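Residue numbering for the sequence shown follows my numbering, starting at 1 and increasing by one per position. Note that the Cβ used here is the ideal one computed from N, Cα and C, for glycine as well. Every value quoted in this text rests on a predicted model; they were computed, and no experiment measured them. Structure first, then comments.
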Amino acid sequence: MRWFLRLPLFVVLMGLGAGAMILPALFGLAVRDYATARIFLYTALLLIGLTGLVGLATQRPPGPTRPHNQLMALVAAFVFLPVMLAAPVVQAVPDTTLLNAYFEMLSSLTTTGATVFETQDRLPDAVHLWRVLVGWLGGALMWIAAIAVLAPVDLGGYEVTARLSGARSLQNQQIQRIADPAERLISFALAFAPIYGFLTMLLWVILILTGQPPFLAISYAMSTLATSGILPVTHTLDLGFPSEVAIFLFFYFALSRRTFSTDQRRDNLPIFQDPEIRLAGIILLVLPVLLFLRHWIGASEVAEGEDLRSAARALWGSLFSVASFLTTTGFESADWQLARNWSGLRTPGLILMGLAILGGGVATTAGGIKLLRVFALYKHGMREIERLVHPSSVGGSGLAARQIRRQGAQIAWIFFMLFAMSLAAITTALALSGLTFEAAISLSIAGLTNTGPIAQIALDSPISYAVLPDMAKIVLMVAMVMGRLEMLAIIALLNPNLWRR
């Protein structure tokens, strides 16, 4: 344990990535794809040896690390680690380029799920497993890093509930004086990795029991828990109603951090009183009903509204797709296509984009703005409307609620504006690379919210990542990293106070 504590986080991630290549090698051996198995095995052995040498050369002396070191390690992981992860892909898929392989691995690591392989039959099953596995590991990395790295410095959404605006509370300062960030990271990894793995295995078993092949079942399970949407098939699910229900239930873990951990900042409310869960429940209740009514009116116009079975399937397709894009997973139910055909209306792509922008819960694998920030802005807006009617009124609900309505709403608004400016900048850069405005805005949202399937589902004409110019791919890669780490975390690295801690 002491030896691991003295290793930089980036080196540990290198070792985990190299060791994970053993699994596709074993899978290739099991399906008798010996050429692909050798590629992954030899690459794993080479990179494990390289990681060992780098670890011996970069061991730090005993003593606590600083929070900014972990933030820098996360940035380095998303920038440099995909190069290592892409090494076996370049060898196993000879007709691809290093840029495409890097794009694919960065998309998987950031749980974006944007793929440059149009015809996925050209990829061996071991490579498909590697894509899904990298996405699953990327989700686990952000799941743990959000609590162990971003929470102590009031980032990643935790700044909304911070007791002091622009600084940590006195209690957190005292904790940080005695808690080494490296020890904290390992402690939370040991605590949450088994939960993450158990939930994945549980969904895998459930999907197998519902009749899915084991390989497809594990792909769906990993992609659902990581909200990556990475699959060896199309993003349109055709699994049957029981399998879709199972996946839908596991979207729950991307809606709030309270689903798998207690809130260390505030009093522990019951799970159904959590603002993120309640806000997500309202969205999942209201929006599918509105979409259903929209479909129902369209169906009545074409005299097909009396088919109750089609109506029920259309309602389910709307509910599943809303939950999928709210958690930034990007799965499309087979019944969503049925709802479109049943109603005769076009796909409401802007609604799916808006759901992806809202995102899931804080400290989860979901991307987007996050529900807690949206809740803070909502509470602030309600309070301002109340003050218009009663200017001398005093807001209640306690100190924590007032904190969210004031400083929490302020920092949430700052993040929202940063997201809007980032969206405008990425859209402009993509437009300058030769894309149309609709394609540029769709790809920008896909990158910043880490919801890659938006490009294939939200617009009338699907956008292929494979035919994008190289400059557009580079811009999208920057957007993926910005969306995964969030602009506040990147800007925080420029704060001198963080480096003095």
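With H, G and I counted as helix, E and B as strand and the rest as coil, what does DSSP make of E486?
Within the sequence shown, residue 486 is the residue found at index 486, counting from 1. It is coil, neither helix nor strand.
Output the distance between the C-alpha atoms of L493 and L99, rounded to the nearest integer angstrom.
Within the sequence shown, the letter at position 493 stands for residue 493. Within the sequence shown, the letter at position 99 stands for residue 99. Approximately 28 Å between the Cα atoms of the pair.
Please look up how many angstroms separate the CB atoms of S107 and G361, rounded, as I've assumed it's under 8 Å.
Reading the sequence shown from its first residue, position 107 is the one you call residue 107. Reading the sequence shown from its first residue, position 361 is the one you call residue 361. Wrong, their Cβ atoms sit about 22 Å apart, outside the cutoff.
Here's a check: name, in chain order, each residue in its chain whose Cβ is nearer than 7 Å to the Cβ of G166, leaving out the five neighbours to either side.
What you label residue 166 is simply residue 166 of the sequence shown in a count that begins at 1. Note that G166 has pLDDT 41, beneath the 50 cutoff, so the model's placement of it is unreliable and the number below is only indicative. Result list for G166: empty, nothing under 7 Å.
Which residue spans inside the stretch 221-258 form an unbroken alpha helix (DSSP H) run of at least 4?
Complete alpha helix (DSSP H) runs here, min 4: 241-250.
Can you find the residues in the same chain that come closer than 6 Å, C-beta to C-beta, to I463, ignoring five residues on each side of it along the sequence?
Sequence index remark: in the sequence shown, residue 463 carries index 463 (1-based). So the qualifying residues of the chain are A439 and A455.
Measure the alpha-carbon distance for S187 versus I271 and round it to whole angstroms.
The residue labelled residue 187 in the question sits at position 187 within the sequence shown. The residue labelled residue 271 in the question sits at position 271 within the sequence shown. If I take the Cα positions, the gap works out to 24 Å.
If you draw a straight line from the alpha carbon of W316 to that of L45, how long is it in whole angstroms?
Working through the sequence shown from its first residue, we reach residue 316 at position 316. Working through the sequence shown from its first residue, we reach residue 45 at position 45. Answer to the nearest angstrom: the Cα atoms are 47 Å apart.
R373 to L137, Cα distance in whole Å?
As a position in the sequence shown, residue 373 is number 373, starting the count at 1. As a position in the sequence shown, residue 137 is number 137, starting the count at 1. Taking the straight line joining both Cα atoms gives about 26 Å.
Tell me the rounded alpha-carbon separation between H380 and E386.
The count along the sequence shown starts at 1 and reaches residue 380 at position 380. The count along the sequence shown starts at 1 and reaches residue 386 at position 386. Roughly 10 Å separates the two Cα atoms.
Using CA coordinates, which residue listed in M382, G483 and A429 is at the minimum distance from F415?
As a working mapping, residue 415 is identified with position 415 in the sequence shown. That would be G483, whose Cα lies nearest to the Cα of F415.
Spatial neighbours of T537 within its chain, please: CB distance less than 8 Å, with the 5 preceding and 5 following residues excluded, ordered by chain position.
One cannot answer for residue 537 here, as it falls past the ends of the chain, which runs 1 to 501.
Would the stretch 134-148 and the stretch 107-126 be scored as touching if the rule is three or more Cβ pairs under 8 Å?
Yes, since at least three Cβ pairs between the stretch 134-148 and the stretch 107-126 fall closer than 8 Å, the two stretches touch.
If you run the structure through DSSP and keep just helix, strand and coil, what is I369?
Position 369 of the sequence shown holds residue 369. It is coil, neither helix nor strand.
Mind listing, in chain order, the continuous alpha helix (DSSP H) runs of no fewer than 4 residues lying wholly within the stretch 389-460?
DSSP runs (the alpha helix (DSSP H)) wholly in the stretch 389-460: 398-403, 409-432, 437-448 and 454-457.
Which same chain residues end up closer than 6 Å to M14 when comparing Cβ atoms and leaving out the 5 residues on each side of it in sequence?
Position 14 of the sequence shown, counted from the first residue, corresponds to residue 14. T51, listed in sequence order.
To the nearest angstrom, report how far apart I178 and R184 are at their CA atoms.
Within the sequence shown, residue 178 is the residue found at index 178, counting from 1. Within the sequence shown, residue 184 is the residue found at index 184, counting from 1. Summary for I178: the model assigns pLDDT 44, below 50, so the residue's position carries little reliability; its value from the coordinates is reported in the next sentence. Between I178 and R184, the C-alpha separation is close to 11 Å.
What would DSSP say about S165, mapped onto helix, strand or coil?
Position 165 of the sequence shown, counted from the start, is the residue given in the question as residue 165. Since pLDDT at S165 reaches only 40, below the 50 mark, its modelled position is unreliable, and the value read off the structure follows with that caveat. Reduced to three states, the DSSP call for S165 is coil.
Check each candidate in I218, G434, A466 and W336 and name the one with the smallest Cα separation from D95.
Taking the sequence shown and counting its residues from 1, the one referred to as residue 95 is at position 95. Minimum Cα distance to D95 is reached at A466.
Roughly how many whole angstroms lie between the Cα atoms of M222 and L371?
By one-based count along the sequence shown, residue 222 stands at place 222. By one-based count along the sequence shown, residue 371 stands at place 371. Computed Cα separation, rounded: 23 Å.
From this set, A314, L308, G281 and A114, which residue's C-alpha is nearest L291's C-alpha?
In the sequence shown, residue 291 corresponds to position 291, counting from 1. That would be A314, whose Cα lies nearest to the Cα of L291.
Compute the Euclidean distance between the alpha carbons of P229 and G367, then round it to the nearest angstrom.
The residue labelled residue 229 in the question sits at position 229 within the sequence shown. The residue labelled residue 367 in the question sits at position 367 within the sequence shown. The sequence given here has Gly at residue 229, not Pro. Cα to Cα, the separation comes out at about 12 Å.
Thinking just about the alpha-carbon of each residue, which of G19, Y34 and I206 is nearest to the one in L133?
Residue numbering aside, residue 133 sits at position 133 when the sequence shown is read from its first letter. Considering only alpha carbons, the answer is G19.
Going by DSSP, what residue range makes up the alpha helix (DSSP H) through P94?
In the sequence shown, residue 94 corresponds to position 94, counting from 1. From DSSP, P94 is part of no alpha helix (DSSP H); its letter is neither H nor E.
Hey, T364 and W143 are a contact pair by Cβ (cut 8 Å); roughly how many whole angstroms apart?
Position 364 of the sequence shown, counted from the start, is the residue given in the question as residue 364. Position 143 of the sequence shown, counted from the start, is the residue given in the question as residue 143. Indeed they touch by this definition, with Cβ atoms about 7 Å apart.
Beta carbon of L203, beta carbon of A246: below 8 Å?
On the sequence shown, residue 203 is found 203 positions in, with the first residue counted as 1. On the sequence shown, residue 246 is found 246 positions in, with the first residue counted as 1. Yes, Cβ-Cβ distance for L203 and A246 is below 8 Å.
Look at the Cβ atom of M72, then the Cβ atom of T43, and state whether they are nearer than 8 Å.
As a first step, residue 72 is located in the sequence shown; it is residue number 72 there, counting from the start. As a first step, residue 43 is located in the sequence shown; it is residue number 43 there, counting from the start. No, the Cβ-Cβ distance between M72 and T43 is not below 8 Å.
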